[in-house]
Amino acid sequence: MRQEKPLYKFIRKKHAHEFFKNGNIRIGTLYDFRNVEKHGSEIGDLDEGIKTLTTGGYHMVDTADPSTIPSWYAPHFKKSFIPDGPDARLVMHAGGSGISVKLTVPNRYVFCTTERIDAVVWKQPGYDACIKINSPSGFFKALTNKLKHKAHWIILDRCVYRSRTVIGEHDDELEPALVKEQRHAEQREVRAIWEAVDHEINPFVLKVKKARHFCELLTVR
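Heads up, the sequence shown is in our numbering, so the first residue is 42 and it goes up one at a time.
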């Protein structure tokens, strides 16, 4: 996604002033959003970073006919499952729920914004200021440069609001961290995502003064 239209970060006023004064900005993590008790149901989501691939309904896999093996299931299908012998084959019958594979991405650093100045996140308690990011490319380049010892850039893209379950023979290849339930669609969220160097990560405050040059503080409601 080449995003040069402004993005908006709704934030507490005291944190906005801290950003414009010292360059301090909070970088979140994907798994932190699973804490619904902390974030509330409007922002929190227990299934963040998860996508399920399934055939749905009855399905038969016959190793003598590779076309019966869903493309997303093939990498998980071990040859050791098949008995030895030139005519050996394995046939599996999946019942009403079909064959499923759950994909869960590792915990990642994320920075969430929206395309909407009237975003519903204004409804969240304490969000009394908004940072307008006039140049997303410059802003996220500044953040990425500061994060280079902790994480690697993956993507900046819009969230897709739909079921986390993909039914069919092929994966849609959509990054699981960009999938959100339809009930959140009004947020029009755009996420920056970085792959962490370490496995154990937590949200933290990053000091990146250069990022301020690409932003302005909007009038507080």
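Ideal Cβ positions, reconstructed from N, Cα and C, are used throughout, including at glycine.
Between residue i and residue j, which are expected to be in contact by the criterion C-beta below 8 Å, what is the C-beta distance as a whole number of angstroms?
i, j, result
"P244", "L48", "That pair is no contact at about 19 Å."
"L258", "F61", "6 Å"
"A218", "V142", "Actually they are not in contact, since the Cβ atoms of A218 and V142 sit about 17 Å apart, beyond 8 Å."
"Y150", "I242", "7 Å"
What residues match up with residue i in a beta bridge as DSSP calls it?
i, result
"I140", "Beta-bridge pairing links I140 to no other residue."
"A170", "I52"
Closest by CA to residue i, which one among the options?
i, options, result
"G209", "K50, E89, D103, W113", "W113"
"G136", "V102, A233, D169, V151", "V102"
"R199", "A115, I234, P107", "I234"
"I140", "R229, Y99, D239", "Y99"
"L87", "E214, T95, L71", "L71"
"T95", "H211, K55, Y168, R224", "H211"
For residue i, which three-state DSSP category applies?
i, result
"H100", "strand"
"E156", "coil"
"H193", "strand"
"K46", "coil"
"G179", "helix"
"Y114", "coil"
"Y72", "helix"
"R149", "strand"
"R199", "strand"
"E227", "helix"
"E59", "helix"
"R253", "helix"
Sorted by chain position, which residues of the same chain lie with C-beta nearer than 6 Å to residue i's C-beta, five sequence neighbours on each side aside?
i, result
"K92", "L144, R205, P217, V220"
"V207", "L94, D213"
Identify, in the order they occur along the chain, each residue of the same chain with its Cβ nearer than 8 Å to the Cβ of residue i, setting aside the five sequence neighbours on each side.
i, result
"H190", "V238"
"L197", "M42, Q44, P177, F181, V231, R232, A233, I234"
"V201", "L215, L219, V220, K221"
In chain order, what residues of the same chain have a beta carbon less than 7 Å from the beta carbon of residue i, not counting five sequence neighbours either side?
i, result
"W194", "T185, W235"
"R53", "G167, Y168, D169, A170"
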